[in-house]
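Residue numbers (my numbering): -10 to 281.
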């Protein structure tokens, strides 16, 4: 297992972690400068943050600072109530793939979606099997364009608490079943983004990480699970502040062949988003060295 204690060469910051500082939204170009100032060499930005500043401008800034990506957030949200909605989702994912390519991302992370309208409290249908079928078909269709441009897709299984509104793929096993069906040759174009917050509890986690192997493990996200958790979406913990066996799980991931970045992704409305960005980044670096 790699030794992270001496430096933070393999630390990446998902920009959600610092997108709010002292309660205020901070633009992506400023976030990138903050990461560069701390010697952080990789990030994973969100599409809305990129769009707010401009795709070409962000690409130029990343090149100038020699900062790479560990992933690009996000594609997905395939299910829809009608044919027009399904078509719109595919068109949006095609744009996301092209954006990821422009930014030279190693993968586009897919939060696949669930029951249409659930996020707004107006569910169009309740058939989760239908949603999963539309996810399968949406990934299959998007994979064609991904292969054309050379942009791997990474399915991110989300905790079952989000099965209705954000992702109806909820275990690593489910995600890998889709990978095996749609990419049986294990070409490297379809895999998973393993987010500890969503999968740490899974009794099959070690087995499924081994099953994934190097070809399927495209991204690795870290944070911690707090007890008690005050908000299931926006109260992720800083590594070491919760109950997840982070070092043990990274051992499983690296034993399976993963040798990429540990990407810190923390949504924290009540804690870290209330702090200065420099403080949050410094803590990420210290915890990456001591507990990840």
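Cβ atoms here follow ideal geometry from the backbone N, Cα and C, with glycine treated the same way. Just so you know, these numbers come straight off a predicted model, no measurement behind them.
Pick out whichever of the options has its Cα sitting closest to the Cα of residue i.
i	options	result
residue 214	197, 136, 232	232
residue 133	3, 115, 172, 32	172
residue 154	180, 110, 191	110
residue 255	83, 263, 279	263
residue 226	-7, 98, 280, 125	280
residue 208	200, 240, 97, 79	97
residue 276	90, 135, 193, 252	252
residue 190	177, 169, 147	147
residue 188	60, 145, 69, 178	145
residue 217	50, 205, 230	230
residue 122	49, 266, 166, 136	166
residue 273	247, 184, 228	228
residue 204	212, 141, 186	141
residue 18	268, 185, 88, 40	40
residue -7	164, 27, 53, 250	250
residue 131	185, 87, 261	87
residue 261	0, 38, 5	5
Who does residue i pair with in a DSSP beta bridge?
i	result
residue 3	33
residue 294	A question about residue 294 goes unanswered here, because the residues of the chain that appear run from -10 up to 281.
residue 102	156
residue 220	DSSP output for residue 220 lists no bridge partner at all.
residue 14	9
With a threshold of 16 other CB atoms inside 10 Å of the CB of residue i, please say whether the residue is buried or exposed.
i	result
residue -10	exposed
residue 245	buried
residue 3	buried
residue 150	exposed
residue 180	buried
residue 176	exposed
residue 236	exposed
residue 11	exposed
residue 70	exposed
Looking at the structure shown, is residue i part of a helix, part of a strand, or coil, going by DSSP?
i	result
residue 131	helix
residue 209	strand
residue 180	strand
residue 9	strand
residue 142	strand
residue 251	strand
residue 279	helix
residue 257	strand
residue 267	helix
residue 88	helix
residue 28	coil
residue 226	strand
residue 174	coil
residue 190	coil
residue 246	coil
residue 115	coil
residue -5	coil
residue 232	coil
residue 55	coil
residue 214	coil
residue 44	helix
residue -10	coil
residue 108	helix
If we cut at 8 Å on Cβ distances, does residue i have a partner in chain B?
i	result
residue 218	No chain B is part of this structure, which consists of one protein chain only.
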